[in-house]
Structures are given as structure tokens and as C-alpha cells.
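Q:
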Amino acid sequence: MKSKIISKIKLIFYKLFKKFFKVIFKKNYPKEINFLLTKLEYKEFFLERENFQSKIISSYSDIDWIIKRLENQGYCVIKEFWSEDECFKTIKVIDDLILRYPNFVHSNNKSDSRIYGAENISKLINNFSKNELLLSVAEEYNKKNTSLGFTLAAKMPAIKNNKGSGEGWHRDGFFRQFKTLLYLSDVGKNNGPFELIENSHKFEYLIEDIKKGKLEYSQFRLTDSEIKKILIDQTERKKTIIGKMGTLILIDTSSLHRGSPIKDSTRYALTNYYYTSNQIDSELYKKFNVVPKKIFR
Ligand SMILES: O=C(O)CCC(=O)C(=O)O
Ligand SMILES: [Fe+2]
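The numbering of the sequence shown is our numbering, which starts it at 763 and goes up by one.
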């Protein structure tokens, strides 16, 4: 009880400090304030998760080692999560959905095709989106009530000058954001593999990386040269995750990451977007033009 009250008081202080800095500096933060604000936000975030009890009852013995991997390196790979047969079938389904639902197809360069909410128009994709192990991991990792926002089905061919899935280096959020990426086609180094800067989701590294890359407060997108600066004496931190069709990657997307530019053939993949309850609202669905549930057949 006492510790709960102390946490509440701390939270109020963090929020007040943040507000104070924001009012004083009006977003023109000097370097030191940038670090301090990031630290306050980090503390606030992790304090809010304390004492969380998941209501999901799951009997999966794999959850613990997956969570450890996510915490230690920011990602975890499970080979052969789907069979080749499931992957081939789903690739066909995606090609078909792109033709049948043009109003829901997004494209950055008229060549890649992405459908958000594809689980609402395909049984196979729905199976992936409803996977209980993945939802349990998501909630346990977030330590907040979590649900699937939607599943993205993406077909990404190798067209000239493409930046890859995610449009270059970025982080989706600052502290803990969870996604799962399933390769439906074989992904070698030329087929746009997912790349991640190891440890960039950890607080000490976050601050170091901001210093090294000379990043702004709350900077989500990074240029190639900023990434180069961060990696200058630690090139081994860049991980390129290649894998056969059916390979699943579980990711803390608060890590710096990107889908690398696709040089050869076409990458097909499914991505489950998980959100905590405070992140889900109708704006989110509008923003991604998500296929509504009633379309399912
Ligand atoms: O599809 C990928 O390789 C990564 C895309 C991305 O940035 C994301 O899903 O957050
Ligand atoms: Fe991302």
C-alpha cells in the first residue's frame, strides 16, 4: 500500500517536471534537458507498469525465454513458425486480396502493396492474428493490457530506389512497443531483411545513441549517417535477420530498426501490430485505413 502511494507521488512529480521543461523550453531543448526529459519519460513509463497482473491465462512454457530474449537483445527469432504450405497459400491469398480490395491497398511507390486489417478478409491471416502465444508474449512484455490492433499483409517487390519496409531507420516508440513479423517468402540479404540495432531499446544505450548520433529530443526517424555515427565503434550491433519462409521475428520496435532496401525479388510478410489499451482508438484505425471487421467472409 505504502509503496503504491510512493509510486503515485513519484508519477505526479515526473509529470510536473516534464510539463515544466516543456513550458520553459517550448521544444527547443538544450542537450542536457533532452537527456533529462528522456529519463523522466522512461521512469514514468516503467513506474506505470509496476504491479501489472495479466488477465490472460496461458500455459505456454515458451513465454519466459522469449521475454528474456526480447529484454536482452530486442528481438527473438522462431524458425518454422509456419509451414511452407501455409506460406505459399497465404502469398496467393495476398495477391488475390490486392486485386479484390483496391480501396484498402496502400502503396508508397505504386509498387509495394500493404493491406492493414488483412485478418478481417482472410481465414489464414486471421489464424496468425489470433495466435494466443503471441498475444500472451505481447501482454507479458508490455506489462499493460494489450490487444492486437490489426495484421498487415505486405507484398514488397524490388523496385528501383526503394527504402525498404518501414521507409528507413526509425523506432516505432521510445519504450517498449511489440510487433511480430512473419516472413512468407525466403528472405536473404538481398530480399529486404529486417535489420535492428541491438540494445538500442535499453535505456543506457538509448542515451548513448542520442549523444553519439547527435539526435533531437523524441526523434523517431534517423538518417543513414546518424546510424553510421551511432555504430562507428560498434558495427557488430547491427543485426540483419535473414530467414526461410515461415520464420517469425518477435520484436521490441522501440529498438532502432528498418526493413532493408529490397534489391532482389519480392518480399511477402505478415506483421501483427499489438497495442496497449491507451494506444488503441478509432483514430488509429482511420490512420491506417484498416479493413473493417464486417467485411470478413
Ligand atoms: O517489415 C519490416 O521489415 C519492418 C517494418 C517496420 O518498421 C515495422 O513493422 O515497424
Ligand atoms: Fe517500424
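No residue lacks a Cβ here, since even glycine has one placed at the ideal position from N, Cα and C.
Would you call the stretch 1036–1052 and the stretch 899–907 in contact, with 3 or more CB pairs under 8 Å?
A: Contact holds: three or more Cβ-Cβ distances are below 8 Å.
Q: What's the call for Phe-866, buried or exposed, on a 16-neighbour Cβ count within 10 Å?
A: Buried, because 16 or more other Cβ atoms sit within 10 Å of the Cβ of Phe-866.
Q: Is the beta carbon of Thr-1028 closer than 9 Å to that of Asn-953?
A: Going by C-beta atoms, Asn-953 is nearer than 9 Å to Thr-1028.
Q: For Tyr-837, which three-state DSSP category applies?
A: Of the three classes helix, strand and coil, the one that applies to Tyr-837 here is strand, per DSSP.
Q: Who are Arg-1029's beta bridge partners in DSSP?
A: Answer by DSSP bridge pairing, in chain order: Met-918.
Q: Under a Cβ-count criterion, where at least 16 other Cβ atoms within 10 Å of its own Cβ denotes burial, should Ser-1016 be classed as buried or exposed?
A: Its Cβ being crowded by 16 or more others within 10 Å, Ser-1016 is buried.
Q: How about Thr-1009 and Val-839: are their beta carbons less than 9 Å apart?
A: Their beta carbons are under 9 Å apart, which means Thr-1009 touches Val-839 by this criterion.
Q: For the alpha helix (DSSP H) containing Thr-800, list its first residue and its last residue.
A: Start and end: 793–811.
Q: If we ignore side chains and look at the alpha-carbon of each, how far apart do Thr-997 and Ser-962 end up?
A: Their Cα atoms are separated by approximately 13 Å.
Q: Can at least three beta-carbon pairs, one atom from the stretch 981–990 and one from the stretch 881–890, be found at a separation below 8 Å?
A: Output reads no: the stretch 881–890 does not touch the stretch 981–990.
Q: So the candidates are Ile-829, Asp-971, Tyr-979, Thr-1033; which of them puts its Cα closest to the Cα of Asn-893?
A: For the residues Ile-829, Asp-971, Tyr-979, Thr-1033, the minimum Cα distance to Asn-893 belongs to Thr-1033.
Q: Within 10 angstroms of its Cβ, does Asp-971 collect 16 or more other Cβ (buried), or is it exposed?
A: Asp-971 should be labelled buried.
Q: Can you give the Cα-Cα distance for Leu-773 and Phe-940, rounded to whole angstroms?
A: Their Cα atoms are separated by approximately 24 Å.
Q: Please determine whether the Cβ atom of Arg-983 lies at a distance below 8 Å from any heavy atom of ligand 2.
A: No, ligand 2 has no heavy atom inside 8 Å of this Cβ.
Q: At least one CB of chain D closer than 9 Å to the CB of Lys-917: is that the case?
A: No chain D appears in the structure shown, which is made up of a single protein chain.
Q: Could you check if Lys-941 belongs to the surroundings of ligand 2, using beta carbon to heavy atom distance under 8 Å?
A: Correct: Lys-941 has its Cβ closer than 8 Å to ligand 2.
Q: Short check: CB of Ile-795 to CB of Phe-783, under 9 Å?
A: Contact: yes.
Q: Are the CB atoms of Leu-958 and Lys-1000 nearer to each other than 9 Å?
A: Cβ atoms of Leu-958 and Lys-1000: closer than 9 Å.
Q: Classify Asp-995 as buried or exposed, calling it buried when 16 or more other Cβ atoms lie within 10 Å of its own Cβ.
A: Exposed: under 16 other Cβ atoms inside 10 Å.
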